[in-house]
Amino acid sequence: MEITSILKLIVWKIKYFGKLKINITRHIRKGARIKINNGKIIIGRGLGLNYNSQISANGGNIEIGKGVNFNVNCICVSHNFIKIEDKCSFGPNVCIYDHDHAFDENGKVPGKFKNEDVFIGENVWVGANTVILRGTKIGKNSIIGAGCIVKGEVPNNSIVTMDRKLIIKKLEKKRKNINEN
Numbered sequence: 007m008e009i010t011s012i013l014k015l016i017v018w019k020i021k022y023f024g025k026l027k028i029n030i031t032r033h034i035r036k037g038a039r040i041k042i043n044n045g046k047i048i049i050g051r052g053l054g055l056n057y058n059s060q061i062s063a064n065g066g067n068i069e070i071g072k073g074v075n076f077n078v079n080c081i082c083v084s085h086n087f088i089k090i091e092d093k094c095s096f097g098p099n100v101c102i103y104d105h106d107h108a109f110d111e112n113g114k115v116p117g118k119f120k121n122e123d124v125f126i127g128e129n130v131w132v133g134a135n136t137v138i139l140r141g142t143k144i145g146k147n148s149i150i151g152a153g154c155i156v157k158g159e160v161p162n163n164s165i166v167t168m169d170r171k172l173i174i175k176k177l178e179k180k181r182k183n184i185n186e187n
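Numbering (my numbering), first residue to last: 7 to 187.
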């Protein structure tokens with residue numbers, strides 16, 4: 007483990023005394039953050055938290071199992087409850103939220119959220135640029151393809167992809183009339 011990882015762990019344990027339980031990590035890279043605001047975070051042994059990734063308990067609780075790895079720019083934010091079981095891997099730019107903004111006929115209601123738990127089973131691999139929304143349960147040994155937006159239940163041993171079609175259109179060249187000034 008790198009010396010910077012050790013120092014970050016010490017600072018976080020002092021800052022969030024009683025609200026953060028974290029075991030020995032694999033690595034915590036530059037810019038990685040753990041934030042707790044009226045919540046609690048429990049992290050198992052062997053966490054990998056890459057550059058600019060963030061785990062944030064904003065009134066909610068987060069439980070992360072052993073051997074979990076977050077690639078660069080991942081975010082995991084809880085207002086309710088998020089549980090990630092052992093040996094899960096998250097590609098770059100994965101976002102996990104257990105909440106959405108509340109809204110009514112006048113638009114977004116400031117400071118109000120709709121909350122539902124998120125559960126991610128053991129040995130799940132989540133591809134780059136995926137968003138996992140409130141109320142999602144992903145079964146163990148599943149693969150979530152890059153670029154998916156996931157809400158709802160994914161059974162154990164599943165592969166999830168989104169139907170994406172590449173649409174290519176030819177640009178028509180506009181010719182400038184020689185006589186135009």
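Where a beta carbon is used, it is the ideal one built from N, C-alpha and C, also for glycine.
- About 5 Å separates the CB atoms of residue 137 and residue 155; that is less than 8 Å, so the two are in contact.
- With fewer than 16 other CB atoms across the displayed protein chains lying within 10 angstroms of its CB, residue 17 is exposed.
- Listed as beta-bridge partners of residue 69 by DSSP are 48 and 89.
- In this structure residue 54 is in contact with residue 75, their Cβ atoms being roughly 4 Å apart against a cut-off of 8 Å.
- For residue 26, the uninterrupted beta strand (DSSP E) run begins and ends at 26-28, by DSSP.
- Runs of the beta strand (DSSP E) lying entirely within the stretch 80-155, each at least 3 residues long, are 81-84, 87-90, 101-103, 105-110, 113-121 and 124-126 in chain order.
- Taking C-beta separations shorter than 6 Å and ignoring five residues to either side along the sequence, the partners of residue 49 in its chain run 28 and 70, following chain order.
- The three-state secondary structure of residue 20, taken from DSSP, is helix.
- For residue 39, the enclosing beta strand (DSSP E) starts and ends at 39-43.
- The C-beta distance from residue 38 to residue 58 rounds to 7 Å, short enough to meet the 8 Å contact threshold.
- Short of 7 Å from the beta carbon of residue 77, and not among the five residues preceding or following it, lie these beta carbons of its own chain, in chain order: 56, 96, 97 and 98.
- The alpha carbon of residue 107 has as its nearest neighbour, out of 125, 139 and 174, the alpha carbon of 139.
- With a beta-carbon spacing of about 10 Å, residue 129 and residue 145 fall beyond the 8 Å limit used to define contacts.
- Looking from the CA of residue 161, the closest CA among 149, 94, 61 and 41 belongs to 149.
- Cβ neighbours of residue 168 within its own chain (closer than 8 Å, five residues either side excluded): 151, 153, 154 and 155.
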